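Quick note: to get the working numbering, add 3 to the position in the sequence shown (first position is 1).
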Amino acid sequence: MKQYIQTNNQRFLDELFSLLRIPSVSSLEKHKGDMHKCAERLVELLTEAGADHAAVYPTAGHPVVYGHKTVDPSLPTVLVYGHYDVQPVDPIELWHSDPFEPEIRDGAIYARGANDDKGQLFMHIKAFEFLVRTGTLKHNVKFILEGEEEIGSPSLAAWASANKELLKADIILVSDTTMISESVPSINCGMRGLSYVEVKVTGPNKDLHSGHYGGAVANPINVLCDMISSLIDQDGHVTVKGFYDEVVELSAEDRAKLSRAPFDIEEYKEFLDIKEVKGEKGYTTLERTGIRPCLDVNGIWGGYTGEGAKTVLPSVAHAKISMRLVPNQDSATITRLFEEHFKSIAPDYVKVEVTPHHGGDGFLIPISSPAYKAAEKAMTEVYGVEPVPSRGGGSIPILADLQRILGIDPLLMGFGLERDTIHSPNESYLLKQLYAGMEAIALFYRYY
């Protein structure tokens, strides 16, 4: 594979850049046409790589790209999952280059989607191409590449349920996560789930003069801040009644296994430019982001935020709140519990609305499975060190749905790094990680 990468390096970059130049932002209506354009480009790449069939399939939302290569129906089948949609680029002024005109700087590709997930799904297409063209593919391979992961995959579960036979496979292979570091590879054996809501607090029926009414009428922003502050206690516990009912406490043995992952708290703080970390009492930083649930405010707004001053007592305040969940916590149940709790703590001088957005459940996979062992062997060969099992703090809610619908486990071979700043300005992906990923994925097929 190394030689194949060297020989085709410029072509690979040109092809990847053709994907990165398409602004496939799934959350913005103005990019609906770009979603179809990106899907069609992926069909071209899959076809050129050697797929027997590749096509764009409509869903209730943005389209799905499906492709397959059948070597022998009696052989194991690998279902590759990825997503071609990307996050919005705001705040655009913080980017050092055009987010949709990829650049290579200091050994990394800078562009929106460079890592998440166009760069990582591209590795699978190129590893597949190598295996096909060298006659070494000994598996059937299917691809399902969706355009709605960044908005919670609202259409894919229904599409997958309607196409279960089409997607029949033995394992779901995914690269949409990070590893601990370049020198310490890791394989995610689980990810957290998600419940995402928007809250609205309404006070008076219109914005008021803060001089005429201030001190006499409740300010919805003040009230919202008080309510949010009460959602987490001084020990970092979420106060929503029933929130922890289904959380399984890990044994000391399991916690010890996860603690094998090297972690330098001082490096962590320096990277984030913070003086101290904060989180749930009794757990390490890695445990807080891997095996424990949490609640965070993702955005808050209301009143006057324009230039200069406007002495207004606002009528309405809003916030977006996400809750990261661990396996056994049901997303729909947590959303309901949050709504009930938030409304119950609202004082009489405001009205409260809670609007659920999207969510999904977390999952775990056994590290004793043949697929995990194959990935472990492949990554050891590429990096020269055995990968550490880890738990991802983020969420890919659709994977739990696919696990349930198709009856097969996902395997997460992610090659991103924290330095890649996905979802933020100046997203990037190291070239050496791109190439290492291609090598490891090709080796996975050899050992699985």
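From the three backbone atoms N, C-alpha and C, an ideal C-beta is built for every residue, glycine too. Remember, predicted model here, so these are calculated numbers, not experimental data.
- Message: Among the candidates R24, N222 and A114, whose CA atom is the shortest distance from the CA of S427?
- Response: Translated into the one-based positions of the sequence shown, residue 427 becomes position 424. Nearest option by C-alpha distance: A114.
- Query: For the beta strand (DSSP E) that H86 lies in, which residues bound it at each end?
  - Reply: Stepping through the sequence shown from its first residue, residue 86 is reached at position 83. DSSP places H86 inside the beta strand (DSSP E), whose first and last residues are T80 to H86.
- What does a CB cutoff of less than 7 Å around T50 pick up in its chain, not counting 5 residues either side in sequence? Here residue 50 corresponds to residue number 47 of the sequence shown, with the count starting at 1. Excluding sequence neighbours, T50 sits near A57.
- Message: Only counting the same chain, and skipping five residues up and downstream in sequence, which positions put a Cβ closer than 6 Å to that of L415?
- Response: Position 412 of the sequence shown, counting from 1, holds the residue named residue 415. Correct list, in chain order: V177, T180 and N191.
- What's the gap between the Cα of R291 and the Cα of R422? Within the sequence shown, residue 291 is the residue found at index 288, counting from 1. Within the sequence shown, residue 422 is the residue found at index 419, counting from 1. Those two C-alpha atoms are separated by around 20 Å.
- Query: Just how far apart, CA to CA, sit D238 and C297?
  - Reply: Locating residue 238 in the sequence shown gives position 235, counting from the first residue. Locating residue 297 in the sequence shown gives position 294, counting from the first residue. Going by the C-alpha atoms only, they are around 12 Å apart.
- My guess is that S82 and A221 are in contact by the Cβ rule of under 8 Å, so how many angstroms apart are they, rounded? By 1-based counting over the sequence shown, the position of residue 82 is 79. By 1-based counting over the sequence shown, the position of residue 221 is 218. Here the sequence assigns Leu to residue 82, which means Ser is not the residue at that position. Actually they are not in contact, since the Cβ atoms of L82 and A221 sit about 53 Å apart, beyond 8 Å.
- Query: Exposed or buried, what is A377 when buried is set at 16 or more other beta-carbons lying within 10 Å of its beta-carbon?
  - Reply: Residue mapping note: residue 377 aligns to position 374 of the sequence shown, counting from 1. By the neighbour-count rule (16 or more Cβ atoms within 10 Å), A377 is buried.
- Figure out for me which residue from M441, S30, V329 and S164 has the closest Cα to the Cα of D93. As a working note, residue 93 is residue 90 in the sequence shown. Closest by alpha carbon: S30.
- Task: Look at the alpha carbon of Y199 and the alpha carbon of N166, and state the distance between them as a whole number of angstroms.
- Result: Within the sequence shown, residue 199 is the residue found at index 196, counting from 1. Within the sequence shown, residue 166 is the residue found at index 163, counting from 1. Straight-line Cα distance between these residues: approximately 28 Å.
- Could you give the DSSP three-state label for R291: helix, strand or coil? The residue you call residue 291 lines up with position 288 of the sequence shown. Assigned with DSSP and collapsed to three states, R291 falls in helix.
- Evaluate L117 with the Cβ neighbour count: other Cβ atoms within 10 Å of its Cβ, from every protein chain shown; 16 or more gives buried, anything less gives exposed. For the purposes of this step, residue 117 is identified with residue 114 of the sequence shown, where counting begins at 1. A small fix is needed here, since residue 117 is Ala in this sequence, not Leu. The residue in question, A117, is buried, as its Cβ has 16 or more Cβ neighbours within 10 Å.
- Task: Would you list the one or two residues that DSSP bridges to K203?
- Result: Looking up residue 203 in the sequence shown gives position 200. According to DSSP, which records beta bridges pairwise, K203 is partnered with H321 and E356.
- Task: With DSSP as the reference, please indicate the residues paired to N143 in a beta bridge.
- Result: In the sequence shown, the residue the question calls residue 143 occupies position 140. Residue pairing for N143: DSSP places it in a beta bridge opposite T80.
- Task: Consult DSSP for I399 and reduce its assignment to one of helix, strand or coil.
- Result: The count along the sequence shown starts at 1 and reaches residue 399 at position 396. Coil.
- Query: So what does DSSP say about Y307, is it helix, strand or coil?
  - Reply: Residue numbering aside, residue 307 sits at position 304 when the sequence shown is read from its first letter. Of the three classes helix, strand and coil, the one that applies to Y307 here is coil, per DSSP.
- Measure the beta-carbon distance from E152 to G53 and round it to whole angstroms, keeping in mind my assumption that it falls under 8 Å. Indexing the sequence shown from 1 puts residue 152 at position 149. Indexing the sequence shown from 1 puts residue 53 at position 50. Not a contact, Cβ separation roughly 25 Å.
- Message: Mapping the DSSP letters down to three states, classify I368 as helix, strand or coil.
- Response: Your numbering for residue 368 matches position 365 in the sequence shown. Note: I368 maps to coil in three-state DSSP.
- Query: Would a C-beta distance cut-off of 9 Å place D88 and G196 closer than the cut-off?
  - Reply: Here residue 88 corresponds to residue number 85 of the sequence shown, with the count starting at 1. Here residue 196 corresponds to residue number 193 of the sequence shown, with the count starting at 1. No, they are not a contact pair.
- Whole-angstrom C-beta distance between A161 and A63, which should lie under 8 Å: For the purposes of this step, residue 63 is identified with residue 60 of the sequence shown, where counting begins at 1. For the purposes of this step, residue 161 is identified with residue 158 of the sequence shown, where counting begins at 1. That pair is a contact at about 7 Å.
- Query: Is the stretch 272-288 in contact with the stretch 310-328, if contact means three or more CB pairs nearer than 8 Å?
  - Reply: Using a Cβ-Cβ distance cut-off of 8 Å, the stretch 272-288 and the stretch 310-328 are not in contact, since fewer than three pairs of beta carbons, one from each stretch, lie closer than that value.
- Task: Determine contact between the stretch 216-236 and the stretch 294-312, defined as no fewer than three beta-carbon pairs at a distance below 8 Å.
- Result: Three or more Cβ pairs closer than 8 Å define a contact, and the stretch 216-236 meets that threshold against the stretch 294-312.
- Item | Span separating the alpha-carbon of A374 from that of V59 | Within the sequence shown, numbered from 1, the residue matching residue 374 stands at position 371. Within the sequence shown, numbered from 1, the residue matching residue 59 stands at position 56. When the Cα atoms are used, A374 and V59 turn out to be separated by approximately 28 Å.
- Query: Looking only at DSSP bridge pairs, what is K72 linked to?
  - Reply: Within the sequence shown, residue 72 is the residue found at index 69, counting from 1. Bridge partners of K72: V144.
- Name the residue from T383, A381, I268 and S398 whose alpha carbon lies nearest to the alpha carbon of F3. In this structure the chain extends from 4 to 451, so residue 3 is not present and cannot be described.
- Would the beta-carbon of D17 fall within 9 Å of that of I25? As a working note, residue 17 is residue 14 in the sequence shown. As a working note, residue 25 is residue 22 in the sequence shown. Judged by beta-carbon spacing, I25 lies beyond the 9 Å limit of D17, meaning their Cβ atoms are not closer than that value.
- Distance, L124 Cα to E96 Cα: For the purposes of this step, residue 96 is taken as residue 93 along the sequence shown, with counting starting at 1. For the purposes of this step, residue 124 is taken as residue 121 along the sequence shown, with counting starting at 1. Separation of E96 and L124 (C-alpha to C-alpha, rounded to the nearest whole angstrom) is 28 Å.
- Query: Would you call H99 buried or exposed, if buried means 16 or more other Cβ atoms sit within 10 Å of its Cβ?
  - Reply: Along the sequence shown, one-based indexing puts residue 99 at 96. That one is exposed.
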